[in-house]
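**Q** I have a structure here, written as structure tokens, and I will follow up with some questions on it.
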Amino acid sequence: MYIEKLAYKNVGPVQDVRIDFPFNNNGTPKPVILVGENGTGKSTILSNIVDSFYEMAQQYFTNATTPMESGGHNFFKTILPDEIHSGTSYMYSFLLYNCKESPDEEPPIYLCKSGNVTINDIKEQNNINISSISGDVQGNEKVLNASSKQVETIWKENVICYFGPDRYEQPVWLGDSYYIALDYLHPKVEDRFNGRLENPIAVHNVTNLNLQWLLDVIADSRGDIIGEWDSLSLAHVSTANLLLMRQARENLEKILSVIIGKDVYFRLNFRSLYGSRFHIVQRENDDIICPTLDSLSTGQIALFNMFATIIHYADNNDITKSIHLDEITGIVVIDEIELHLHSKLQKEVLPKLIAMFPKIQFIITSHSPLFLLGMRETLGEDAFDVYEMPKGQKINVECFSEFLRAYNYIKQTQKFNSDIQELARTIPTEGKPLIITEGSTDWKHIKTAFAVLSKDSQYNDLFTDLEFEFLEYEPKNSNTDGLKLEMGDVALCSLCENAAKLPHTRKYIFVADCDVKTTNDKLGNKGKEYKYWGNNTYSLTLPIPQNRQNTPGICIEHYYSDTEIKTEVDFGGVKRRLYIGNEFNTAGHNMTLGVYCEKKNSCGPESIAIIEGTSKERVFSFNDNERSTNLALPKMKFAEYVSQHPNEFSFSNFIEFFKILKQIILEESE
Numbered sequence: 000m001y002i003e004k005l006a007y008k009n010v011g012p013v014q015d016v017r018i019d020f021p022f023n024n025n026g027t028p029k030p031v032i033l034v035g036e037n038g039t040g041k042s043t044i045l046s047n048i049v050d051s052f053y054e055m056a057q058q059y060f061t062n063a064t065t066p067m068e069s070g071g072h073n074f075f076k077t078i079l080p081d082e083i084h085s086g087t088s089y090m091y092s093f094l095l096y097n098c099k100e101s102p103d104e105e106p107p108i109y110l111c112k113s114g115n116v117t118i119n120d121i122k123e124q125n126n127i128n129i130s131s132i133s134g135d136v137q138g139n140e141k142v143l144n145a146s147s148k149q150v151e152t153i154w155k156e157n158v159i160c161y162f163g164p165d166r167y168e169q170p171v172w173l174g175d176s177y178y179i180a181l182d183y184l185h186p187k188v189e190d191r192f193n194g195r196l197e198n199p200i201a202v203h204n205v206t207n208l209n210l211q212w213l214l215d216v217i218a219d220s221r222g223d224i225i226g227e228w229d230s231l232s233l234a235h236v237s238t239a240n241l242l243l244m245r246q247a248r249e250n251l252e253k254i255l256s257v258i259i260g261k262d263v264y265f266r267l268n269f270r271s272l273y274g275s276r277f278h279i280v281q282r283e284n285d286d287i288i289c290p291t292l293d294s295l296s297t298g299q300i301a302l303f304n305m306f307a308t309i310i311h312y313a314d315n316n317d318i319t320k321s322i323h324l325d326e327i328t329g330i331v332v333i334d335e336i337e338l339h340l341h342s343k344l345q346k347e348v349l350p351k352l353i354a355m356f357p358k359i360q361f362i363i364t365s366h367s368p369l370f371l372l373g374m375r376e377t378l379g380e381d382a383f384d385v386y387e388m389p390k391g392q393k394i395n396v397e398c399f400s401e402f403l404r405a406y407n408y409i410k411q412t413q414k415f416n417s418d419i420q421e422l423a424r425t426i427p428t429e430g431k432p433l434i435i436t437e438g439s440t441d442w443k444h445i446k447t448a449f450a451v452l453s454k455d456s457q458y459n460d461l462f463t464d465l466e467f468e469f470l471e472y473e474p475k476n477s478n479t480d481g482l483k484l485e486m487g488d489v490a491l492c493s494l495c496e497n498a499a500k501l502p503h504t505r506k507y508i509f510v511a512d513c514d515v516k517t518t519n520d521k522l523g524n525k526g527k528e529y530k531y532w533g534n535n536t537y538s539l540t541l542p543i544p545q546n547r548q549n550t551p552g553i554c555i556e557h558y559y560s561d562t563e564i565k566t567e568v569d570f571g572g573v574k575r576r577l578y579i580g581n582e583f584n585t586a587g588h589n590m591t592l593g594v595y596c597e598k599k600n601s602c603g604p605e606s607i608a609i610i611e612g613t614s615k616e617r618v619f620s621f622n623d624n625e626r627s628t629n630l631a632l633p634k635m636k637f638a639e640y641v642s643q644h645p646n647e648f649s650f651s652n653f654i655e656f657f658k659i660l661k662q663i664i665l666e667e668s669e
């Protein structure tokens, strides 16, 4: 049994979604993945699908739903008129199944409605020509047309289950009796198909149950040996049957091998050994990878439980299904499939596991671009469908570019973190104290200030024996030689944290601007002039000079006066300069100068942001219709000009910084 189509109208955020579920030419179902931001209706779609499972199961199984004292049964999903989409007067959810298990009966239909709509209205809107359901009554109603015999056959031959997100808060639509994990939700040993549901629809906390079942699988794969050393033979079981049982075990070992990334097997221990009854062992060298199944990581055990449960359920129905995974049929619904999973598990492992069950109809919600890209790489672009909520639009190939950009960003972030950690390891651990600044121009300004002030006799006491070096680096896009880094406040914090983890005799001093609160909190030390991290690692934010006390969100350029900041520099044959945000109104205009700034969010009477001539912070004349001449000066060119013309600038605001620097350098080393 598979879902053939669904139609949702005015259900919460879902206004009108219709999906015809895809199938391959051989009749096997393609996975369907619902994506979208939080609150767009992904879980709403799944909730009715799962509710249809319960409504269908209760037609035959006495324990599928919980009874009400007044008669009838509790719903998995309650009908709430408050869910009707704002501005509309009704809602409905409709599901049509195909059911090859009972070809002589009409396929099951699920319908849940509320408000000013009738069953006949819904049939007309969706071209439903099934005579077994009809009605002209408005209001709340839930219908599931499937016979008891049909349901029994469906559950005997299919895996039907739901893996929900591990939430602590009860969804508003969930009936009370379904929130607590009651006994009937858990598999138990009893006669098969005695009218009680053996495979719970909602899967919760199955590690111990899967462990018990796994021991059964391992035991079934082993045979009794009789005879003497030189003439041993199998007893009480045929070789053919033992090989089949062995295949079931190897299927589970294959799933775990894919998850762990190593070829492993389950080794049964002697009962006299303390601890686990079996180990997870690497096949090539018999090294123990994990002492037991529940020693795996949260993500690994979550994945194993998910796909082992599919086999477990199929095995409960028919033991041969655990031998032939490609023959397991049914519907598996998974909400937030990437939950607890590392990026590698999402992209490389999940798609491989899904591909092992070609006759399972997977209906999945996800926020993970990695998972989608992994599905495309593993299964192929046409092997699954993606629908974006809340409109339920099928995403075509072009739409994958959004996910690709996100993936590239993640890869860049991972490389950035790797680069930072590598830099922390490669900085020489001995030598003069090393100053590491947030920006590639900051160390140049401090170096110029030191060169000027250290020659001024009035500061002899401060600069005598004050020795240090800079981590001298250039931006990544620089054409100059030497070390190239994309630093910034986030990278500086990360580098500081990583450096503090490594023992070194050299003092590392990390210096940040004061314009980002999170960086101030991390690298600064409230009430103190600097922060000590251990392992001779220190950090500080730029001390605020007296003339900037009212505007403390400063960067290194604010150590100069506003007039000095606005110094014009001939660059590329054009007089350019740095601008300050308060020179422009909130629209980015300076009517007096006849110029405007592209970066409007840095402009306004209260802004002291330094506007430089990068691609995102350009300043143009109102008369420059072609925007051909950028009037803003890059910070790097300003730093170079200051170092070449130091007599045009005052460096008195740097004095307090050097005083703090000397305190750190003179502090007793570890």
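Each residue of the sequence shown is one higher than the one before, counting from 0 in numbering that gives the first Met the number 0. Where is the CB? At the ideal position from N, CA and C, for every residue including glycine.
Between the Cα of P28 and those of L470, D381, G612, spot the shortest distance and give me the residue it belongs to.
**A** Your numbering for residue 28 matches position 29 in the sequence shown. That would be D381, whose Cα lies nearest to the Cα of P28.
**Q** Any idea if S88 is buried or exposed, counting beta-carbon neighbours within 10 angstroms, 16 or more meaning buried?
**A** If you number the sequence shown from 1, residue 88 lands on position 89. Exposed, because fewer than 16 other Cβ atoms sit within 10 Å of the Cβ of S88.
**Q** Do L33 and T364 have their C-beta atoms within less than 7 Å of each other?
**A** Here residue 33 refers to the residue found at position 34 of the sequence shown. Here residue 364 refers to the residue found at position 365 of the sequence shown. A contact, by the Cβ cut-off of 7 Å.
**Q** For R375, count neighbouring Cβ atoms within 10 angstroms of its own Cβ and tell me buried if that reaches 16, exposed if not.
**A** In the sequence shown, residue 375 corresponds to position 376, counting from 1. Flag for R375 reads buried.
**Q** Less than 7 Å between the beta carbons of I288 and V257, yes or no?
**A** As a working mapping, residue 288 is identified with position 289 in the sequence shown. As a working mapping, residue 257 is identified with position 258 in the sequence shown. No.
**Q** Quick one: what's got a C-beta closer than 6 Å to K506's C-beta in the same chain, skipping five residues either side?
**A** Residue numbering aside, residue 506 sits at position 507 when the sequence shown is read from its first letter. Excluding residues within five positions, the ones whose Cβ falls inside 6 Å are P432, N535.
**Q** Grab the span of the beta strand (DSSP E) containing R375 for me, first residue to last.
**A** The residue labelled residue 375 in the question sits at position 376 within the sequence shown. First-last for R375: 368-378, but that is the alpha helix (DSSP H), not the beta strand (DSSP E).
**Q** How many Å lie between T43 and N73 at the Cα?
**A** Translated into the one-based positions of the sequence shown, residue 43 becomes position 44. Translated into the one-based positions of the sequence shown, residue 73 becomes position 74. Looking at the two C-alpha atoms, the distance is approximately 19 Å.
**Q** Can you give the beta carbon distance from I309 to F356, rounded, assuming they're within the 8 Å contact cut?
**A** Translated into positions along the sequence shown, residue 309 becomes position 310. Translated into positions along the sequence shown, residue 356 becomes position 357. 6 Å between Cβ atoms; contact.
**Q** Here's the rule I'm using: 16 or more other beta-carbon atoms within 10 Å means buried, otherwise exposed. How should I129 be labelled?
**A** One-based indexing of the sequence shown puts residue 129 at position 130. Under this definition I129 is an exposed residue.
**Q** Looking at the secondary structure, which residues open and close the beta strand (DSSP E) in which V573 lies?
**A** Counting from 1 along the sequence shown, the entry for residue 573 is found at position 574. Looking at the DSSP string, the run of the beta strand (DSSP E) that includes V573 is 573-575.
**Q** What separation, rounded to the nearest whole angstrom, lies between the Cα atoms of Y558 and N652?
**A** Translated into the one-based positions of the sequence shown, residue 558 becomes position 559. Translated into the one-based positions of the sequence shown, residue 652 becomes position 653. Y558 and N652: Cα-Cα distance of roughly 5 Å.
**Q** Quick one: is V171 buried, meaning 16 or more other Cβ sit within 10 Å of its Cβ, or exposed?
**A** Your numbering for residue 171 matches position 172 in the sequence shown. Interpretation of V171 is limited by its pLDDT of 46, a score under 50 that renders its predicted location unreliable; no figure is taken from the coordinates.
**Q** Whole angstroms is fine: what's the gap from V641's alpha carbon to V510's?
**A** For this step, residue 641 is matched to residue 642 along the sequence shown. For this step, residue 510 is matched to residue 511 along the sequence shown. Computed Cα separation, rounded: 20 Å.
**Q** Secondary structure at I330, three-state DSSP: helix, strand or coil?
**A** Mapped onto the sequence shown, residue 330 falls at position 331. Residue state, collapsed to three classes: strand.
**Q** Are there three or more Cβ pairs, one per stretch, closer than 8 Å when the stretch 561-577 is compared with the stretch 513-520?
**A** Cβ pair count under 8 Å is below three, so no.
**Q** May I have the straight-line CA-CA distance separating D314 from Q211, to the nearest angstrom?
**A** For the purposes of this step, residue 314 is identified with residue 315 of the sequence shown, where counting begins at 1. For the purposes of this step, residue 211 is identified with residue 212 of the sequence shown, where counting begins at 1. Cα to Cα, D314 sits roughly 14 Å from Q211.
**Q** In the structure shown, what three-state DSSP assignment does M90 receive?
**A** Taking the sequence shown and counting its residues from 1, the one referred to as residue 90 is at position 91. If DSSP states are grouped into helix, strand and coil, M90 belongs with the strands.
**Q** For P21, which residues of its own chain have a beta-carbon under 6 Å away from its beta-carbon, when the five flanking residues on both sides are left out?
**A** Here residue 21 is taken as the residue at index 22 of the sequence shown, counted from 1. Cβ within range, chain order: K29, D384.
**Q** Between K483, F650, S477, E82, which has its C-alpha nearest L470's C-alpha?
**A** As a position in the sequence shown, residue 470 is number 471, starting the count at 1. Selected option, being the one with the closest Cα: K483.
**Q** In terms of residues, what are the limits of the alpha helix (DSSP H) holding Q643?
**A** For the purposes of this step, residue 643 is taken as the residue at position 644 of the sequence shown. Segment 634-643, the alpha helix (DSSP H) holding Q643.
**Q** Which one of E252, T206, T440 has the shortest CA to CA distance from T297?
**A** To locate residue 297, count along the sequence shown from 1; it is residue 298. Nearest option by C-alpha distance: T206.
**Q** Whose C-alpha, out of F657, P12, L110, I609, is nearest the C-alpha of E528?
**A** The residue given as residue 528 occupies position 529 in the sequence shown. Selected option, being the one with the closest Cα: F657.
**Q** Measure the Cβ-Cβ separation of K530 and S538 and say whether it is below 7 Å.
**A** Here residue 530 corresponds to residue number 531 of the sequence shown, with the count starting at 1. Here residue 538 corresponds to residue number 539 of the sequence shown, with the count starting at 1. Going by C-beta atoms, K530 is nearer than 7 Å to S538.
**Q** Is any non-hydrogen atom of the ligand MN found closer than 6 Å to the C-beta of V216, if you look at the structure I gave you?
**A** Looking at this structure, you won't find the ligand MN or any other ligand, since it has none at all.
**Q** Name the residue from N459, Y91, W442, N478 whose alpha carbon lies nearest to the alpha carbon of F467.
**A** Translated into positions along the sequence shown, residue 467 becomes position 468. That would be W442, whose Cα lies nearest to the Cα of F467.
**Q** Enumerate in chain order the residues of its own chain whose CB-to-CB distance from G587 is below 8 Å, with the five nearest sequence positions on each side excluded.
**A** In the sequence shown, counting from the first residue as 1, residue 587 sits at position 588. Closer than 8 Å at the Cβ level, and outside the excluded window around G587, lie Y595, C596, E597, K598, K599, C602.
**Q** Return the bridge partner residues of T540 from the DSSP annotation.
**A** Taking the first residue of the sequence shown as position 1, residue 540 is located at position 541. DSSP, once it has assigned bridges, lists A511 as partnering T540.
**Q** Given this structure, state the Cα-to-Cα distance separating L665 from F583, to the nearest angstrom.
**A** Start at 1 with the first residue of the sequence shown, and residue 665 comes out as number 666. Start at 1 with the first residue of the sequence shown, and residue 583 comes out as number 584. Rounded to the nearest angstrom, the two C-alpha atoms are 45 Å apart.
**Q** Using the three-state DSSP reduction, which class does L558 fall into: helix, strand or coil?
**A** As a working mapping, residue 558 is identified with position 559 in the sequence shown. Residue identity differs from the one stated: residue 558 is Tyr in this sequence, not Leu. In the structure shown, Y558 sits in a helix (DSSP, three-state: H, G or I).
**Q** G40: which of K8, A63, Q57, Y53 sits nearest, CA to CA?
**A** By one-based count along the sequence shown, residue 40 stands at place 41. Of the candidates K8, A63, Q57, Y53, the one whose C-alpha sits nearest the C-alpha of G40 is K8.
**Q** On the criterion of 16 or more Cβ atoms from any shown chain inside 10 Å, does A63 qualify as buried, or is it exposed?
**A** On the sequence shown, residue 63 is found 64 positions in, with the first residue counted as 1. Buried.
**Q** Near K649, which residues of its chain fall below 8 Å by C-beta distance, leaving aside the five closest residues on each side in sequence?
**A** Here the question's residue 649 lines up with position 650 in the sequence shown. Sequence inspection shows Ser at residue 649; the Lys mentioned does not correspond to that position. For S649, where only same-chain residues beyond five positions count, the Cβ hits under 8 Å are Y559, S560, E563.
**Q** What number of angstroms, rounded off, separates the C-alpha of D455 from the C-alpha of L491?
**A** Counting from 1 along the sequence shown, the entry for residue 455 is found at position 456. Counting from 1 along the sequence shown, the entry for residue 491 is found at position 492. Each residue's Cα considered, the two are about 32 Å apart.
**Q** Opposite Q360 in the DSSP bridges: which residues?
**A** Here residue 360 refers to the residue found at position 361 when the sequence shown is read from its first residue. According to DSSP, which records beta bridges pairwise, Q360 is partnered with I330.
**Q** Which term fits A218, buried or exposed, when burial requires 16 or more other beta carbons within 10 angstroms of its beta carbon?
**A** Looking up residue 218 in the sequence shown gives position 219. Exposed, because fewer than 16 other Cβ atoms sit within 10 Å of the Cβ of A218.
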